[in-house]
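Here the structure is laid out as structure tokens; the discussion comes afterwards.
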Amino acid sequence: MAHLAVVITAFLALGAHGFIWDPCANYQCANGGHCTAPADAPYCDCPVGFTGTHCTIASHIGKRIVISRDPCVNYHCENGGICTAPADAPYCLCPVGFAGNRCQSTLV
Numbered sequence: 007m008a009h010l011a012v013v014i015t016a017f018l019a020l021g022a023h024g025f026i027w028d029p030c031a032n033y034q035c036a037n038g039g040h041c042t043a044p045a046d047a048p049y050c051d052c053p054v055g056f057t058g059t060h061c062t063i064a065s066h067i068g069k070r071i072v073i074s075r076d077p078c079v080n081y082h083c084e085n086g087g088i089c090t091a092p093a094d095a096p097y098c099l100c101p102v103g104f105a106g107n108r109c110q111s112t113l114v
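In case it helps, the numbering used here puts the sequence shown at residues 7 to 114.
Now the structure itself:
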């Protein structure tokens with residue numbers, strides 16, 4: 007009976023297909039952002055000073071308004087790369103298997 011309990015527990019922990027799906031596994035957040043996925047809908051929780059879908063937009067806080075500009079607007083990353091722009095200098099964060107300044111190269 008103990009063996010059956012271990013098997014059932016392992017099945018529940020691993021899920022029906024042998025793994026637990028993590029909606030944040032392939033969702034990249036830039037500039038210290040942290041992926042959160044309530045109801046399996048991932049989004050980036052951005053640190054102070056950054057905003058945008060993947061925390062790539064630097065926010066400059068003024069006295070009365072927040073001025074945001076996105077240096078990544080015209081800097082396009084390939085193969086699922088995400089543009090980030092600390093100090094207004096855009097570059098791409100490449101997913102596993104890709105490299106290059108715009109993630110254009112496949113790693114072998």
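Just so you know, even glycine gets a beta-carbon here, dropped at the ideal spot from N, CA and C.
Return the Cβ separation of residue i and residue j in integer angstroms, given the expectation that the two are a contact with Cβ distance under 8 Å.
i: Cys30; j: Gly39; result: Cys30 to Gly39, Cβ: 11 Å. No contact.
i: Cys78; j: Ala91; result: 5 Å
Leaving out five residues before and five after residue i in sequence, what residues of the same chain have Cβ atoms less than 6 Å from its Cβ?
i: Cys109; result: Cys83, Glu84, Asn85, Gly87, Cys98, Cys100
i: Cys52; result: Gly39, Cys61
i: Cys89; result: Thr62, Cys78, Tyr81, Cys83, Pro96, Cys98
Using the rule of at least 16 other Cβ atoms within 10 Å of the residue's Cβ for burial, across every protein chain shown, is residue i buried or exposed?
i: Ala47; result: exposed
i: Lys69; result: In this prediction, Lys69 has a pLDDT of 48, which is less than 50 and means its spatial position is unreliable; nothing more can be read from the coordinates.
i: Ala64; result: buried
i: Ala36; result: buried
i: Asn107; result: exposed
Helix, strand or coil, according to DSSP, for residue i in the structure here?
i: Asp51; result: strand
i: Ala8; result: Only weak support is given to the placement of Ala8: the predicted model assigns it a pLDDT of 44, under 50, and the value that follows is read from those uncertain coordinates. Ala8: helix per DSSP, three-state reduction.
i: Ala64; result: strand
i: Ala45; result: helix
i: Ala93; result: helix
i: Ile26; result: coil
Who are the near neighbours of residue i in its chain, counting only those whose CB is closer than 8 Å to its CB and skipping five residues on each side?
i: Leu3; result: Nothing about residue 3 can be read from this structure; the chain reaches only from 7 to 114.
Please go through the same chain and pick out, in chain order, the residues whose beta-carbon is closer than 7 Å to the beta-carbon of residue i, but skip the five residues on each side of it.
i: Ala43; result: Pro29, Cys30
i: Cys41; result: Cys30, Tyr33, Cys35, Pro48, Cys50
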